[in-house]
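Peer 1: Quick one: the structure is below, questions incoming.
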């Protein structure tokens with residue numbers, strides 16, 4: 157049987173590479189055939205026909221309040237510091253990452269479909285190091301990564317290419333190596349052997365598209381964030397760097413001037429497969445829903461929809 161899933165987004169319309177798209181249209185890119193299907197899970201565009209609703213924080217559409225609690229799966233895109241803003245919501249739902257503390261599933265923000273990523277090898281690497289970021293600085297994690305980036309660029313001018321939006325109060329243009337924004341994040345990653353991937357929150361089980369986009373583009377991530385990232389991805393598929401240490405700038409420079417990426421290419425390819433087929437949104441929803449059904453916590457009335 158097919159289980160119909162509706163994703164309640166944190167937006168009505170989002171801007172994807174200069175093109176306005178709905179949450180449903182964005183979800184199509186994450187499935188193997190571009191149809192929103194993953195096994196017996198089918199993402200749909202009709203709120204009223206869904207068996208299960210995926211809730212993200214924050215729900216700016218107001219749709220969450222129209223869903224029976226026993227049909228809602230709460231999958232936070234953000235870390236647990238956001239929990240107080242929603243109070244007890246999520247604990248009344250069918251499944252909540254806030255309660256389970258499993259990883260937070262993400263898609264990706266590079267301009268490639270699942271099929272394009274799964275069927276093609278990593279792109280040719282012609283450049284050394286990049287970082288795609290923003291000027292946000294309202295969390296300490298934001299400030300840490302901006303401070304590190306500025307120090308690295310000042311210490312090693314001409315080594316780091318920086319891309320991103322000047323939003324959040326910090327002018328990226330004041331950092332040596334800033335090249336402006338890119339319409340598609342892929343363009344700021346694909347040519348590079350290495351790329352910085354710094355989470356703004358240091359929390360167990362929390363990693364996001366900052367890491368995934370870098371992996372999918374075949375860059376070796378120089379990563380800071382999730383302290384137990386080794387429980388999710390194989391050794392050698394990233395280089396963990398504590399950017400708060402005084403020695404971090406020199407350590408990063410030594411890594412990018414080594415063969416660390418090439419020596420660990422098989423691990424990086426395994427990480428890509430894990431992101432596509434285990435940790436991104438659709439395989440995660442597939443796993444959660446089928447486990448709930450197997451345990452008897454979820455019962456779906458069978459229909460002929462897309463059988």
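Numbering (my numbering), first residue to last: 157 to 463.
Ideal placement from N, C-alpha and C gives every residue a C-beta, glycine not left out.
1. For residue 204, which of 198, 189, 409, 222 has the nearest alpha-carbon?
2. With a Cβ-Cβ cutoff of 9 Å, do residue 333 and residue 288 count as a contact?
3. Using DSSP's beta-bridge definition, name the partner residues of residue 452.
4. Is the distance from the Cβ of residue 401 to the Cβ of residue 383 below 9 Å?
5. Which residue's Cα is closest to the Cα of residue 198: 439, 450, 452?
6. Return helix, strand or coil for residue 346, following the three-state DSSP convention.
7. Using three-state DSSP, classify residue 445 as helix, strand or coil.
8. Please confirm if the region 311-318 is in contact with the region 276-294, defined as three or more CB-CB distances below 8 Å between the two stretches.
9. Do you know whose CA, among 158, 394, 386, 385, lies nearest residue 373's CA?
10. Can you tell me the Cα-Cα spacing of residue 307 and residue 405, whole angstroms?
11. Mark residue 176 as exposed unless 16 or more other C-beta atoms lie within 10 angstroms of its C-beta, in which case mark it buried.
12. Under the DSSP definition of a beta bridge, which residues are partnered with residue 193?
13. How about residue 390 and residue 346: do their beta carbons lie closer than 9 Å?
14. Which value, in whole angstroms, describes the spacing of the CA atoms of residue 296 and residue 452?
15. Quick one: what's residue 318 bridged to in DSSP?
16. Got a sec? Which residues, its chain only, sit under 6 Å from residue 420 by beta carbon, not counting five neighbours each side?
17. If you draw a straight line from the C-alpha of residue 271 to the C-alpha of residue 342, how long is it?
18. Between residue 378 and residue 352, is the Cβ-Cβ spacing less than 9 Å?
19. Leaving out five residues before and five after residue 365 in sequence, what residues of the same chain have Cβ atoms less than 6 Å from its Cβ?
20. Which of the three DSSP states is assigned to residue 435 in this structure?
Peer 2: Result, derived from the coordinates:
1. Distances from the CA of residue 204 to each of 198, 189, 409, 222 were compared; the closest alpha carbon is that of 222.
2. Cβ atoms of residue 333 and residue 288: not closer than 9 Å.
3. In the DSSP output, where bridge partners are listed per residue, residue 452 has none listed.
4. No, the Cβ-Cβ distance between residue 401 and residue 383 is not below 9 Å.
5. The shortest C-alpha separation from residue 198 is found at 439.
6. Here residue 346 sits in coil by DSSP.
7. It is helical.
8. Segments in contact, yes.
9. It is 394 whose Cα lies nearest to the Cα of residue 373.
10. If you draw a straight line from the Cα of residue 307 to the Cα of residue 405, it is about 7 Å long.
11. Exposed: under 16 other Cβ atoms inside 10 Å.
12. BP columns for residue 193 point to 198.
13. Their beta carbons are not under 9 Å apart, which means residue 390 does not touch residue 346 by this criterion.
14. Cα-Cα distance, rounded: 43 Å.
15. For residue 318, which the question treats as bridged, DSSP gives the partners 287, 334.
16. Answer for residue 420: 392, listed in chain order.
17. The alpha-carbon separation between residue 271 and residue 342 amounts to approximately 15 Å.
18. Contact flag set, yes.
19. Around residue 365: 262, 264, 265.
20. In the structure shown, residue 435 falls within a helical segment according to DSSP collapsed to helix, strand and coil.
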